[in-house]
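S.K.: Numbering (the working numbering), first residue to last: 2 to 144. Note that beta-carbon positions come from the ideal geometry of N, C-alpha and C, so glycine has one too. Note that the structure is a prediction, hence the values are computed from the model and not measured.
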Amino acid sequence: MFLGTHTPRLDDKGRLILPAKFRDELAGGVVITKGQERCLYVFPTPEFQHIAEQLRAQPMTHKAARAYSRVFFASAHDEVPDKQGRVTIPAHLRSYAGLDRDLVVIGASTRVEIWDKVAWETYLAESEDDFADIEEGVLPGGL
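The following block contains the structure:
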């Protein structure tokens, strides 16, 4: 399970050093793709394969599933982190997420998310007030 918030920087070659606490689980390979709210999702390869199976199980006649699958898979980039725990974020994904230099990398349970630092701070500021109201709808019965 991926947890926590980290603030690495993107180097001049578009590489990110994965947080040390995430490296072991991601060492076998990752898939980076577009996420919601203009962030990037980073999945361990087995988790990405599990999601791919779920999407494959949807009927081809399901318009939303087709649309989601197209964007999700067309933007995906797979690679194995190097010995220093670095991954290269392709230009099209950096552009999508507005990544420049300062990043925020968060653990989001089964995936890692990569955010532009300012975008993350804005998202948090806009979402914090709703956090308490959302809990009951997400966790029936509450905590």
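Thinking C-alpha only, which one of LEU100, GLU127, SER128 and VAL105 is nearest LYS14?
M.R.: As a first step, residue 14 is located in the sequence shown; it is residue number 13 there, counting from the start. With distances taken between Cα atoms, LYS14 lies closest to LEU100.
S.K.: Put PRO47 into one of helix, strand or coil per three-state DSSP.
M.R.: In the sequence shown, counting from the first residue as 1, residue 47 sits at position 46. PRO47: helix per DSSP, three-state reduction.
S.K.: Start and end of the alpha helix (DSSP H) containing ALA92?
M.R.: Counting from one through the sequence shown, the residue named residue 92 turns up at place 91. Unbroken alpha helix (DSSP H) run through ALA92: 92-98.
S.K.: Three or more beta-carbon pairs under 8 Å between the region 122-138 and the region 46-64, yes or no?
M.R.: At 8 Å Cβ cutoff, the stretches do not touch.
S.K.: Quick check on VAL32: does DSSP put it in helix, strand or coil?
M.R.: Residue 32 sits at position 31 when you count from the first residue of the sequence shown. In this structure, VAL32 counts as strand in the three-state DSSP scheme.
S.K.: With a Cβ-Cβ cutoff of 7 Å, do ASP103 and VAL32 count as a contact?
M.R.: The residue you call residue 103 lines up with position 102 of the sequence shown. The residue you call residue 32 lines up with position 31 of the sequence shown. No, these two residues do not count as a Cβ contact at 7 Å.
S.K.: So what's ARG24 in DSSP terms, helix, strand or just coil?
M.R.: On the sequence shown, residue 24 is found 23 positions in, with the first residue counted as 1. Looking at ARG24 - three-state DSSP - the assignment turns out to be helix.
S.K.: Buried or exposed: where does PHE23 fall if 16 or more other Cβ atoms within 10 Å of its Cβ makes it buried?
M.R.: Here the question's residue 23 lines up with position 22 in the sequence shown. Buried, since its Cβ has 16 or more Cβ neighbours within 10 Å.
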